[in-house]
Every structure is written in structure tokens, then in C-alpha cells.
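Reviewing the structure listed below.
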Amino acid sequence: MLNGNTTVSEQVLQQIPSPTVDNEELSRQDAVPTLDEVVKAIGQIKNKKAPGKDDLPAELLKAGGHYVAEWLHEIIRDVWEQEKAYDSVNRKALWRVCRAYGLSQKIVRMLQLLYEDTSAQVRIDDDVSESFVMNTSVRQGCILSPILFYVYVDYIMKQIIKQANVQGVKLSWRLGDFWLSGKGNGSHHVHLLTLMYADDIVIMCDNPKNLEHFIKAFERVTNDFGLNMNIKKTCTMSLKQFNKTIGKHETKGKAKDVPSNIVIRDQNIETVDNFNYLGCNIANDQTQSKEIEVRLGKASNAFNSLRRVVWYRKCISIQAKVRIFKACILPVLLYGSEL
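Structure representation (C-alpha cells):
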């Protein structure tokens, strides 16, 4: 999905429901963070990461111990108790969704303050462009950005699923198929419709009509919420089905027909035989030959890149080379192999 410079209509904003959160939970959210919570948060910061605008690395905050924690707690307490808030004219849908998911009004106001008058600059080598105003998207590098994005996309996907009204593919399983011996305790069924990782989304339908219906609902709802589907990175693929085993041979059926005329914004959705999802190649014949070929190629490139700096160096011991191989080459070769 692409985050374009689009607006969300008031009609869509009004459809986002009001929160149903009890007063006790709202009071817990609005309470000033305790010193223990600040100490815990400092301990969870990862080392060897670039510092923010304060130029204070995580190692320095941790080395400061209780004194630094008290100092930070005092600053956080002063910010938390600020009553002045600014009503953001942008990202209204995001704040409405946060409220619908149970965040208190005070928490939302503080998030709005973080996004008030945000700007950015483009750096190329040592040259920096003039700053420009950012009215869309979440801030790059902010630790809250992934959470805010997931909340926003989760709400949008729920609206899409509701409007599309399709079930997805049916999976059948038994407890005995996984960890129990014998025939198990009867079959169970579950319908799987979407796989989501950030903005990479896979839709699974059992027939072309439902697939087309879902894609069009996806385009319509995401556009309502200011997002655009990236058509160039969108494709459809039909899996070849397995037939029943006859003797010792198991044959594969033909792929079901997938409509090649799904049109979004006057552009056809491409139909492919394989695609890359989260670094793994998924083929319509359900084999791993293409993925294995890609893995071997990437591992070979990684190995050759260290040929002069590691493998040809006689001053590096065999034990060190083995450790480097296990740390730098094997992960590339075995990526996703557990699937």
C-alpha cells in the first residue's frame, strides 16, 4: 500500500465507533508513569542504536543508573501533566481509530502533539535539502510509528473483511495430526483469508469471484482511508491442487482459472506463476525448487563476498572461519527453511 497525499471524508470518520472502555482502564492510561516504569523502559532500550535528537545513546542512559532515571521521570511527569493540547488538522482518521481501540483522550492528545508541525529534509551525501511539511504517514524512526501503523491497518482490514463478506480458504485439521498419536479427536475447520505483515498482505480465496470481490473492496476502503494499493506490486496466483494418492503415486491437478481482467484504476492485476513474499519464493505448483535455487544463489554470493577478506586470509584460524560461516552464510542459505 502507498500512503498518498489524500484526505479522509467526514462520512468515513463518523463511521469509526466511539470507544467502550471502563473508567478504571481510562484512569490507568491517564496516570503519570511511575519511576519503576521509567527504569523498566530504560532497560528495554536496545544498545548500539543511533541516538535521537538529544544525542544520548542507550548505553549512556543505562550507565546513569537511578539518577538518570529520576531525571527522566521528572521530565516525563512535567510533560504528562501538561493540559495544553493542539487539535491536529491532519491524520484525523488515525486519532479516531486510536480512540475506537480504547486509548484515552489524553493519550491521543499527547500523540497529536508529537505529530504537530512535523517536517523532514532529504540528505544526499553531505547536502541537505530545505525542510518540507509532513502531513501524512507516521514518523520515520519513531518507536511509536509501527504500533500506530498496525492499529490503523488493523482497523482498515476489519472494515474490508466486513464489506467483502468472504470466508477465504477452508483448512481442516485434527489434534492427532500435530502432536497426538492415533486418529485424533475428530476434524476441525478454520477459514483463512488474510496473512498480514506490516503492509505486505496476502489474500486467499477459494474461487476467482470472491478474490475479485475482495480486491475491489480492498481498493475502495483503503482509498476511503487515504491509502492507495500499489498495483505494480499486486498480483494474483492460482495454486495447483493435489489429487488423491493412487497407489504410490500422488498427482497434481491443474490450477484453477483466475480472472486476468481484474481492473483497478484502469490497470489490470497481473497473474503470475510465482511471487516473492517476505523473502521466500511461493510457486503455484507448491514445490520449493525455485526457492532452493534462489537460496543457493544468495548463499553463494555471500560466500564469495568474503573470499578475499576471510577465506583467503591465512592469519584467520579455521575455527574463526567456521564461526563466520555459521554466522554469515548459513542464515542466508537456510532462511525460511522451517516453512
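Position 194 of the sequence shown, counting from 1, maps to 560 under the working numbering, and the rest follow consecutively. Ideal Cβ positions, reconstructed from N, Cα and C, are used throughout, including at glycine.
Item                                                                                                                                                           : Value
In the DSSP assignment, find the unbroken beta strand (DSSP E) run with cysteine 646 in it and report its ends.                                                : 646-649
Quick one, are the C-beta atoms of alanine 564 and valine 519 less than 9 Å apart?                                                                             : yes
Threshold first: 4 residues or longer. Then list the alpha helix (DSSP H) segments lying entirely within the stretch 381-428, N to C.                          : 389-396 and 401-410
According to DSSP, is glutamate 636 part of a helix, a strand, or is it coil?                                                                                  : strand
Going along the chain, which residues of its own chain have a beta-carbon closer than 8 Å to the beta-carbon of valine 629, five neighbours each way excluded? : Ile635
Is it the case that the Cβ atoms of asparagine 576 and valine 532 are separated by a distance below 9 Å?                                                       : yes
Just to confirm the assignment: which complete beta strand (DSSP E) runs, minimum length 3, are found wholly within the stretch 529-594?                       : 535-540, 553-558, 560-563 and 566-569
Would you kindly report the start and end of the unbroken alpha helix (DSSP H) that includes arginine 457?                                                     : Neither: arginine 457 is in no alpha helix (DSSP H) and is coded neither H nor E.
Assign valine 511 to one of three DSSP states: helix, strand, or coil.                                                                                         : Checking the sequence shown, residue 511 turns out to be serine, not valine. Here serine 511 sits in helix by DSSP.
Over the uninterrupted alpha helix (DSSP H) stretch that includes alanine 668, give me the two end residues.                                                   : 655-671
On the DSSP bridge list, what partners appear for serine 485?                                                                                                  : Val499
Quick one: residues in its chain with C-beta nearer than 7 Å to the C-beta of arginine 457, no 5 flanking neighbours on either side, listed in chain order?    : Tyr481
According to DSSP, what are the bridge partners of aspartate 493?                                                                                              : Ile490
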